[in-house]
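Numbering (the UniProt record's numbering), first residue to last: 1 to 462.
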């Protein structure tokens, strides 16, 4: 419980058992007991405060660290909060005009334990032009709804992540804060639901109406469509859905983007690229997961170019070229860069791909997923567990014994960002923020991969 200080409107107490911890709002703000946040003084009637009986007789003073503070944006104050954040590290010159750096924030990282736990306050918004909260889902009524209501919402003692996320715009007014719909799990678990909606104009319109209200209610700047993946039967409906959403969102200034497969067959089968290029503000290409534990060979999952052993073009450059030939403008293509690796249990010891594999690699302590390791997990294995790193230009990898992982280093990430610049693409995006070494566990600095992108797509001040 939070209680306003009866003698000082700028202070409040948080009760913890029988102890009351005192906090002070930032300069020029006072505590608003109606919303349990620090607010502008004109929104609060300090004179009407009545003395509150605190449970504890023991009070401990703490540094001036706020729990919530009101956003400085022009949004409804009662819907916008923020938490204290650390200093920014973006070069002072800012992002190169026309270049996006899109950062996906998967909310489930909140539930991880130890050094992998990741919260809104861990996001360095200064390193991104867009931060996309992932994911909302499609309801049985064909409306957009929160997935983890306890984490996302503030009612019924929820944690209020949406509110905390929206509150960051006061400190980072130039960063777009968006919401993504779908993701792999929702798309696969509810494939039929998505297909039914896409093939019905009335259901699509129901979704469109709900999306406008959802963005308004929770303060997001736009919607990212992450339906994985439209097939041939969805092609017309998906293009219509994007067109109808754009028509509804544009009057409010909301952005509309979509994350799409990097596979050429999926692109050609399910995506009307000329139509989508008209409707979408940006196309986020998931240029990763070309290879994984579903295959019988260990290989890098996001190679930049074709290698000598590739019989099928599964590489970044080919995907971009396919989309360009199909009519996608270069300035709308945002290149996906993974902050995780695909791991394998291999049948050999020389390390060089491709290698025979018996399946996915051993689960890591953070991701807890067979066949996938975060960059943080990988760099710690190299640093502390004597894994061998081969910084191969065709695709970096590391191995020890029968465990092998292909991933991007800061060097290869920087090369991909340079490719974005050289090809005049719309920008780069990462999946995902918490998989980077956000807390500098490995000594390369916080967010080494995201920082590598920034080093290319930002310019220094004069």
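Backbone N, C-alpha and C fix where the C-beta goes; we use that ideal spot for every residue, glycine too. Being a predicted model, the structure only gives us computed values, none of them experimental.
CB contact flag (residue i, residue j, <8 Å)
i           : j           : result
residue 405 : residue 378 : yes
residue 166 : residue 219 : yes
residue 149 : residue 158 : yes
residue 205 : residue 244 : yes
residue 344 : residue 360 : yes
residue 335 : residue 456 : no
residue 234 : residue 198 : yes
residue 353 : residue 300 : yes
residue 390 : residue 333 : no
residue 200 : residue 229 : no
residue 130 : residue 176 : yes
residue 142 : residue 203 : yes
Option in the options with minimal Cα separation from residue i
i           : options               : result
residue 212 : 253, 365, 165 and 231 : 253
residue 298 : 347, 203, 315 and 207 : 347
residue 272 : 231, 255 and 386      : 231
residue 447 : 248, 340 and 420      : 340
residue 120 : 127, 114, 109 and 113 : 109
residue 362 : 44, 97 and 342        : 342
residue 414 : 228, 453, 330 and 240 : 453
residue 191 : 236, 174 and 138      : 138
residue 275 : 289, 258, 291 and 286 : 258
residue 331 : 388, 281 and 293      : 281
Residue burial classification, residue i (beta-carbon count within 10 angstroms, cutoff 16)
i           : result
residue 371 : buried
residue 169 : buried
residue 46  : exposed
residue 7   : exposed
residue 214 : buried
residue 410 : buried
residue 76  : With a pLDDT of 37 at residue 76, under the threshold of 50, the modelled position of that residue is not reliable, and the figure given next carries that caveat. When all chains shown are included, residue 76 counts as exposed.
residue 451 : buried
residue 189 : exposed
residue 279 : buried
residue 268 : exposed
residue 5   : buried
residue 424 : exposed
residue 312 : exposed
residue 71  : Residue placement at residue 71 cannot be trusted, given a pLDDT of 33 that sits under 50; the coordinates are not used to answer.
residue 68  : With a pLDDT of 29 at residue 68, under the threshold of 50, the modelled position of that residue is not reliable, and no figure is offered here.
For residue i: DSSP bridge partner residues
i           : result
residue 284 : 259 and 334
residue 369 : 372
residue 391 : DSSP, once it has assigned bridges, lists no residue as partnering residue 391.
residue 458 : 95
residue 103 : 131 and 430
residue 226 : 182
residue 360 : 344
Near the ligand NAD: residue i beta-carbon under 7 Å from a heavy atom
i           : result
residue 418 : Of ligands this structure carries none, so the ligand NAD is not represented either.
Are at least three pairs of beta-carbons, each pair with one atom in the region 130-141 and one in the region 98-117, less than 8 Å apart? Between the region 130-141 and the region 98-117 there are three or more C-beta pairs closer than 8 Å, enough to call the two in contact.
Are three or more beta carbon pairs between the region 390-407 and the region 294-308 nearer than 8 Å? yes
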